[in-house]
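Trainee: Taking the working numbering, the leading residue of the sequence shown gets 163, the next gets one more, and so forth.
The beta-carbon is built from N, C-alpha and C at its ideal position, and this holds for glycine as well.
Dropping the structure in here first, questions after.
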Amino acid sequence: MPDHSDTITEHEQWLIDHLRTDARLRGERPGWIHSSLSKLLLAYGRLFTPAPWPDGGTPPGEPGKCYTEVASWAWSSGGELAYVEGLAWDLAWPVEHAWCAGLDGNARDLTWPRLGRAYLGLPVHAEEAVRIMSKSGPLLHGNGFASDVAITWCREGVPAELLVDIGRPVPAAD
Numbered sequence: 163m164p165d166h167s168d169t170i171t172e173h174e175q176w177l178i179d180h181l182r183t184d185a186r187l188r189g190e191r192p193g194w195i196h197s198s199l200s201k202l203l204l205a206y207g208r209l210f211t212p213a214p215w216p217d218g219g220t221p222p223g224e225p226g227k228c229y230t231e232v233a234s235w236a237w238s239s240g241g242e243l244a245y246v247e248g249l250a251w252d253l254a255w256p257v258e259h260a261w262c263a264g265l266d267g268n269a270r271d272l273t274w275p276r277l278g279r280a281y282l283g284l285p286v287h288a289e290e291a292v293r294i295m296s297k298s299g300p301l302l303h304g305n306g307f308a309s310d311v312a313i314t315w316c317r318e319g320v321p322a323e324l325l326v327d328i329g330r331p332v333p334a335a336d
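Okay, here's the thing in structure tokens:
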């Protein structure tokens, strides 16, 4: 597998800069490990390489249903794919989104017919994502706000056993 750890694309940099700006504007919350969802994503998130759908065809998922489609697809992969939730850079701005990823570090976007330009998200074991989501919905996002799960993770940190070590780390700020 090629090592792309030092390669950051222009769109990935825009996504990282967006999160850093948001985190800075939100300030600190005393007693919280991460004062915002942006800080949580910068700490635990990984970058994923946009890749066309493996067979070259249209992704099989229903547009607008990324969270449930990706959770189902990752869960049924037998451990080959992780559930990833975070932000993807569409044509001109970041969008709350979910996608699958494998050991190759590629984003397998099930629901966007046009590939995103950059993907930064939290890779979670599919079984754990399905378990948590069956009780509370998406892991990080909820109607334009941080979900209850994300708020807990901002206060207490993300349990390490939930995370899958795939994708590329977000580079440290200069």
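1) Work out the CA separation of E231 and L282 for me, nearest whole Å.
2) How many whole angstroms separate the CB atoms of G207 and L284, which I take to be in contact at a CB cut-off of 8 Å?
3) Taking C-alpha atoms, which residue in A213, A185, F210 lies nearest to L202?
4) So, helix, strand or coil for L324, using DSSP?
5) Using three-state DSSP, classify V246 as helix, strand or coil.
6) For S198, which residues of its own chain have a beta-carbon under 6 Å away from its beta-carbon, when the five flanking residues on both sides are left out?
7) Return the CA-CA distance between A244 and C262, expressed in angstroms with no decimal places.
8) Would you kindly report the start and end of the unbroken alpha helix (DSSP H) that includes R186?
9) Apply the 10 Å Cβ neighbour rule to N268 and answer buried if 16 or more other Cβ atoms are within range, or exposed otherwise.
10) Between the segment 302-320 and the segment 209-218, do at least 3 Cβ pairs fall closer than 8 Å?
11) Going along the chain, which residues of its own chain have a beta-carbon closer than 7 Å to the beta-carbon of D271, five neighbours each way excluded?
12) Once the 5 residues before and after I294 are set aside, which same chain residues still bring their CB inside 7 Å of it?
13) Where does T230 fall in DSSP's three states?
14) Mapping DSSP to helix, strand and coil, what is A335?
15) Going by beta carbon distance, what residues of the same chain come within less than 7 Å of I170, once the five residues before and after it are set aside?
Mentor: Result, derived from the coordinates:
1) Looking up residue 282 in the sequence shown gives position 120. Looking up residue 231 in the sequence shown gives position 69. Their backbone Cα atoms lie some 18 Å apart in a straight line.
2) By one-based count along the sequence shown, residue 207 stands at place 45. By one-based count along the sequence shown, residue 284 stands at place 122. At roughly 6 Å, the Cβ-Cβ gap stays under 8 Å, so G207 and L284 are in contact.
3) Stepping through the sequence shown from its first residue, residue 202 is reached at position 40. Residue A185 is the option with its Cα nearest to L202.
4) Sequence index remark: in the sequence shown, residue 324 carries index 162 (1-based). Looking at L324 - three-state DSSP - the assignment turns out to be helix.
5) Position 84 of the sequence shown, counted from the start, is the residue given in the question as residue 246. Residue state, collapsed to three classes: strand.
6) Here residue 198 is taken as the residue at index 36 of the sequence shown, counted from 1. Only A185, R188 meet the Cβ criterion.
7) Residue 244 sits at position 82 when you count from the first residue of the sequence shown. Residue 262 sits at position 100 when you count from the first residue of the sequence shown. Near 6 Å, if we compare the C-alpha coordinates of C262 and A244.
8) Stepping through the sequence shown from its first residue, residue 186 is reached at position 24. Taken as a continuous stretch (DSSP letters only), the alpha helix (DSSP H) holding R186 covers 172-188.
9) Numbered from 1 along the sequence shown, position 106 holds the residue referred to as residue 268. Its Cβ being crowded by 16 or more others within 10 Å, N268 is buried.
10) no
11) Your numbering for residue 271 matches position 109 in the sequence shown. Only P221, W261, L277, G278 meet the Cβ criterion.
12) Position 132 of the sequence shown, counted from the start, is the residue given in the question as residue 294. Around I294: L301, V311.
13) Locating residue 230 in the sequence shown gives position 68, where the first residue counts as 1. Helix, per DSSP.
14) Within the sequence shown, the letter at position 173 stands for residue 335. In the structure shown, A335 sits in coil (DSSP, three-state: anything other than H, G, I, E or B).
15) Reading the sequence shown from its first residue, position 8 is the one you call residue 170. The residues are P333.
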